[in-house]
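Enquirer:
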Amino acid sequence: MASIAIKNLFHEKVRLAVTLTGIVFSIILTAVQLGIFLGFIEASTGIVGQSKADLWVVSRGVTHVEQGVEFNESKLYKVLADPDVAAAKNHIVSLGAQAKKPDGSDEGVTLVGFDLDGGMGGPWNITQGSVADLEIPDAVMVDELYAENKLGVTKVGQVIEINKRRARVVGFTRGVRIFTSQPAVFTSFKNAQSFLGLNEDQSFFLVIRARAGANLEVLRSRLAGELTDVEVLTTSQLVYRQGMYWVFGTGAGITVIVAAVLAIIVGVVIVAQTIYAATVDHIREYGTLKAMGATNGYLYRIILTQSVLSGLIAYVVGIAASLVISRVSMEGTLAIIVNWQLAAALFVLTILMCCTASIVAIRKATSIDPAMVFRG
Amino acid sequence: MNAIEVRDLVKTYGSGETAVYALREIDLTVNAGELMLLMGASGSGKTTLVSIMGCILSASSGSCKIYGKETVGLSQKELPAIRLENIGFIFQAFNLFPALTARENVEIALDLKGVRGSQAKRRAAELLERVGLGGKLGSYPADLSGGQKQRVAIARALAGEPRIILADEPTAALDSESGIVVMDLLKELAHEKDRAVIAVTHDNRILHYADRTVHIEDGRIGREEAAMPVLPVSTTGSIGARQ
Ligand SMILES: Nc1ncnc2c1ncn2[C@@H]1O[C@H](COP(=O)(O)OP(=O)(O)OP(=O)(O)O)[C@@H](O)[C@H]1O
Ligand SMILES: [Mg+2]
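So the protein lines, in turn, are chains G and H. Everything in the first sequence is counted per this note's numbering, starting at 1 for the first residue and increasing by one. Everything in the second sequence is counted per this note's numbering, starting at 377 for the first residue and increasing by one.
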């Protein structure tokens, strides 16, 4: 049975090529759109998700970290008093900083001020320099992907201006993408305070690491009860808020998801049409099989094998191409992330797509009257 | 036992003013081990009759027993198994899968019967050997002559070891030479293992092959003739011209 399906499929090379091209494009389009979606999520949530903190204390009603409102440092001591808190540090994320490029023009940046000793909220994917280098007053670390275009910086040691203060680039990261395209500028908490003109006792956030083994939710609600005017969130809760705000709040997420759904629909239509045409072309042979005693189920299996096999071949090609596209995108600020979860989801989606597409052909096969075999 | 026993068989296509009365109370018995030819004018109901005997078309009323088992009134779910068990079909246009080799075309029929793998390969080769195509196992239908294609189709029909073979115009698409080979084969098949072979034909050249020839006229059984003697050698080179 499987061999009839396979042989039929490969017998018609042109039709197979058309089918495969259709499915491959559908897979690539879907992968790219969903990869962009994942890239959006990563770019909008990275500075929270990569923070290594367990809990965040944020001013009440904050929908995204860039919107943080300063509060008094005294809350830090209340947090530190809790026995389940292993470490708690002040933290700043702010869009309220402008960098002046060497050519004199202004560029908004995402200023991240973190406690150098806390091991939380700092840069990741460091390619040059180290966190310790940020001890130097006015030292900052920026991302290679944005450095030249956005900040006019190409190497360590260059000096830019942030909010009219000197900032010396002491290191680079690679791949710290920011959804707003306002590049991340990592600096010490103290430097960030001075860039933003804050008082010494003012902070935007507290980042907390829980004692190993502590129940995060219990700790979170206990802290929330003790602190006033602020919310205490787990990192994943804040990641969720970030994602909802930037990716869905701006409509960017919906756009790519709609595009992905359209790509899937186009794929289904293409496969459905070619599988149907192939079935109609073989109607006499299918009728013959029925006359010989084949059940409808036998014919369905032939048709399904053909479409699933087309799907599998197209999947291998499509996902390989998507991985190449993803790799190339990593050189730029718009990341198309094709991770194994997306690849697995696309696999399931491709198989579902091919099975759905077979329905029309299967209905056709069901309706074949075996008596047709004796008619001219 | 009779291979096929048809009683009061009626087939009407459609209904009301457009109804076509294709078969009107047919009574016919086909014996095991005989090659029966069905003849008749175009539209007389030959195809309709073999379709009902082959369980691919349902009768309007009457009875059609295959080796004693009533088939009229069975559901669409029950019929495929009866066909698989009892019937081999041979078509005017061969109906082979173009994408499959001769051997693979036969293997499908074995697959339907649950015979697979190396056993199916061996059996398919034997069957093709049986019809004289032992050297064409790997050939595709496109590379075979009409007569060879029909012999592949016969091998395929034999795969299920059917007790009845139904052929509609098996030689119509063939030249005389190939027609002879095919009819010789069908006659042999009828006589071995008490198989019943029923062949619809317009072809007067093959009449002498029949153990019996039944004429259908306008949906009714007409004349019946017993086996004809082999004709003397003719100069026209027709199928009848055999020593
Ligand atoms: N599916 C159908 N629907 C309606 N009428 C049909 C159908 N099949 C056959 N008929 C009619 O039934 C009658 C008998 O047809 P059938 O095909 O059995 O004749 P036949 O003897 O095989 O003819 P031929 O020698 O031309 O093949 C004809 O009048 C034909 O038009
Ligand atoms: Mg006919």
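Glycine included, C-beta positions come from ideal geometry on N, C-alpha and C.
Any heavy atom of ligand 2 inside 8 Å of the beta-carbon of Thr21 of chain G?
Expert: No.
Enquirer: Closer than 5 Å from C-beta to any heavy atom of ligand 1: which residues, in chain order?
Expert: Cβ-based neighbours of ligand 1 within the cut-off: H:Tyr389, H:Val396, H:Ala398, H:Ser418, H:Gly419, H:Ser420, H:Gly421, H:Lys422, H:Thr423 and H:Thr424.
Enquirer: So, using beta-carbon positions, are Ala53 of chain G and Arg177 of chain G closer together than 9 Å?
Expert: No, they are not a contact pair.
Enquirer: Report the CB separation of Glu144 of chain G from Arg174 of chain G in whole angstroms; it is logged as a contact under 8 Å.
Expert: Right, the Cβ-Cβ distance comes to about 5 Å (below 8 Å), so this counts as a contact.
Enquirer: What are the residues of the stretch 534-562 of chain H that lie near chain G, defined by any Cβ-Cβ distance shorter than 8 Å?
Expert: Of all residues in the stretch 534-562 of chain H, Gly536 and Asp544 have a Cβ within less than 8 Å of some Cβ in chain G.
Enquirer: Quick check: the stretch 226-240 of chain G against the stretch 95-104 of chain G, are there 3 or more CB pairs under 8 Å?
Expert: At 8 Å Cβ cutoff, the stretches do not touch.
Enquirer: Starting from the Cα of Phe248 of chain G, find the closest Cα among G:Ile4, G:Ile6, G:Leu29 and G:Ile41 and give me that residue.
Expert: For the residues G:Ile4, G:Ile6, G:Leu29 and G:Ile41, the minimum Cα distance to Phe248 of chain G belongs to G:Ile41.
Enquirer: Over the uninterrupted alpha helix (DSSP H) stretch that includes Ser358 of chain G, give me the two end residues.
Expert: From DSSP, the alpha helix (DSSP H) with Ser358 of chain G extends over Trp340 to Ser367.
Enquirer: Between which two residues does the alpha helix (DSSP H) carrying Asn296 of chain G extend?
Expert: Looking at the DSSP string, the run of the alpha helix (DSSP H) that includes Asn296 of chain G is Asn296 to Ser329.
Enquirer: What is the rounded straight-line gap between the Cα of Thr612 of chain H and the Cα of Gly522 of chain H?
Expert: At Thr612 of chain H, the pLDDT of 48 sits below 50, so the modelled position is not reliable; the number obtained from the coordinates is stated separately. Going by the C-alpha atoms only, they are around 21 Å apart.
Enquirer: What did DSSP end up calling Val153 of chain G once you bin it into helix, strand or coil?
Expert: Correct three-state label for Val153 of chain G: coil.
Enquirer: If you follow the alpha helix (DSSP H) that Glu148 of chain G is part of, which residue opens it and which one closes it?
Expert: No alpha helix (DSSP H) holds Glu148 of chain G; DSSP gives it neither H nor E.
Enquirer: Distance cutoff 9 Å, beta carbons only. Does Thr295 of chain G sit that close to anything in chain H?
Expert: Cβ-Cβ to chain H under 9 Å: yes for Thr295 of chain G.
Enquirer: Once you ignore the five residues that flank Ala214 of chain G on each side, which residues in its own chain have a CB closer than 7 Å to its CB?
Expert: The residues are Asp84.
Enquirer: Taking any Cβ of chain H, which residues in the stretch 278-306 of chain G have a Cβ under 9 Å from it, in chain order?
Expert: Correct list: His282, Arg284, Glu285, Gly287, Thr288, Leu289, Lys290, Ala291, Met292, Gly293, Ala294, Thr295, Asn296 and Tyr298.
Enquirer: Could you list which residues in chain G have their beta carbon closer than 9 Å to that of Val426 of chain H, in chain order?
Expert: Within chain G, the residues near Val426 of chain H are Phe374.
Enquirer: Got a sec, what are the start and stop residues for the alpha helix (DSSP H) Phe465 of chain H sits in?
Expert: First-last for Phe465 of chain H: Ile463 to Ile466, but that is the beta strand (DSSP E), not the alpha helix (DSSP H).
Enquirer: I'd like to know whether the C-beta of Gln619 of chain H is nearer than 9 Å to at least one C-beta of chain G.
Expert: Summary for Gln619 of chain H: the model assigns pLDDT 38, below 50, so the residue's position carries little reliability; its value from the coordinates is reported in the next sentence. No, because no Cβ of chain G sits closer than 9 Å to the Cβ of Gln619 of chain H.
Enquirer: What are the uninterrupted segments assigned as alpha helix (DSSP H) that are 4 or more residues long and contained completely in the stretch 72-134 of chain G, given in chain order?
Expert: You should have 74-80.
Enquirer: Under 8 Å Cβ-Cβ, which residues of chain G neighbour Ala478 of chain H?
Expert: Within chain G, no residue comes near Ala478 of chain H; the closest Cβ sits about 13 Å away, beyond 8 Å.
Enquirer: Report yes or no: is there a C-beta of chain H within less than 9 Å of the C-beta of Ser3 of chain G?
Expert: Interface residue, yes.
Enquirer: Would the stretch 345-355 of chain G count as touching the stretch 48-62 of chain G if we require 3 or more Cβ pairs under 8 Å?
Expert: Not touching, per the Cβ criterion.
Enquirer: So, Glu231 of chain G versus Gly61 of chain G, is the Cβ gap smaller than 9 Å?
Expert: Closer than 9 Å, so yes.
Enquirer: Would Glu454 of chain H count as contacting chain G if we go by Cβ distances under 9 Å?
Expert: So, not an interface residue.
Enquirer: With H, G and I counted as helix, E and B as strand and the rest as coil, what does DSSP make of Lys512 of chain H?
Expert: Lys512 of chain H falls in the helix class under three-state DSSP.
Enquirer: Kindly confirm or deny that the stretch 467-483 of chain H and the stretch 507-518 of chain H touch, where touching means at least three C-beta pairs closer than 8 Å.
Expert: Yes: at least three Cβ pairs fall under 8 Å.
Enquirer: Give a single yes or no on whether Val576 of chain H has its beta carbon closer than 8 Å to a heavy atom of ligand 2.
Expert: Yes.
Enquirer: Fully enclosed by the stretch 228-267 of chain G, which alpha helix (DSSP H) runs are 4 residues long or longer?
Expert: For the stretch 228-267 of chain G, whole alpha helix (DSSP H) runs of length 4 or above, ordered along the chain, are 235-243.
Enquirer: Is Phe374 of chain G near ligand 2 - that is, is its Cβ less than 8 Å away from at least one heavy atom of it?
Expert: At least one heavy atom of ligand 2 is nearer than 8 Å to the Cβ of Phe374 of chain G, so yes.
Enquirer: Report whether the distance from the Cβ of Asp341 of chain H to the nearest heavy atom of ligand 2 is below 8 Å.
Expert: Within the shown structure, residues of chain H are numbered from 377 to 619, placing residue 341 of chain H beyond reach of any answer.
Enquirer: So with CB distances below 8 Å, who are the chain G contacts of Thr423 of chain H?
Expert: Ordered by position in chain G, the residues that pass the 8 Å Cβ test against Thr423 of chain H are Phe374 and Arg375.
Enquirer: Would you check if the distance between the CB atom of Ala543 of chain H and the CB atom of Val491 of chain H is smaller than 9 Å?
Expert: No.
Enquirer: Taking the straight line between their C-alpha atoms, what separation do you get for Ile270 of chain G and Val258 of chain G?
Expert: Going by the C-alpha atoms only, they are around 18 Å apart.
Enquirer: May I ask you to list, following chain order, the residues of the stretch 341-371 of chain G that have a beta carbon less than 9 Å from some beta carbon of chain H?
Expert: From the stretch 341-371 of chain G, only Asp369, Pro370 and Ala371 have a Cβ closer than 9 Å to chain H.
Enquirer: If we define contact as Cβ-Cβ less than 9 Å, is Lys13 of chain G a contact residue for chain H?
Expert: No - not a single Cβ of chain H is within 9 Å of the one on Lys13 of chain G.
Enquirer: If distances are taken between C-alpha atoms only, which option among H:Glu502, H:Gly421, H:Thr447 and H:Leu399 comes closest to Ala379 of chain H?
Expert: For the residues H:Glu502, H:Gly421, H:Thr447 and H:Leu399, the minimum Cα distance to Ala379 of chain H belongs to H:Thr447.
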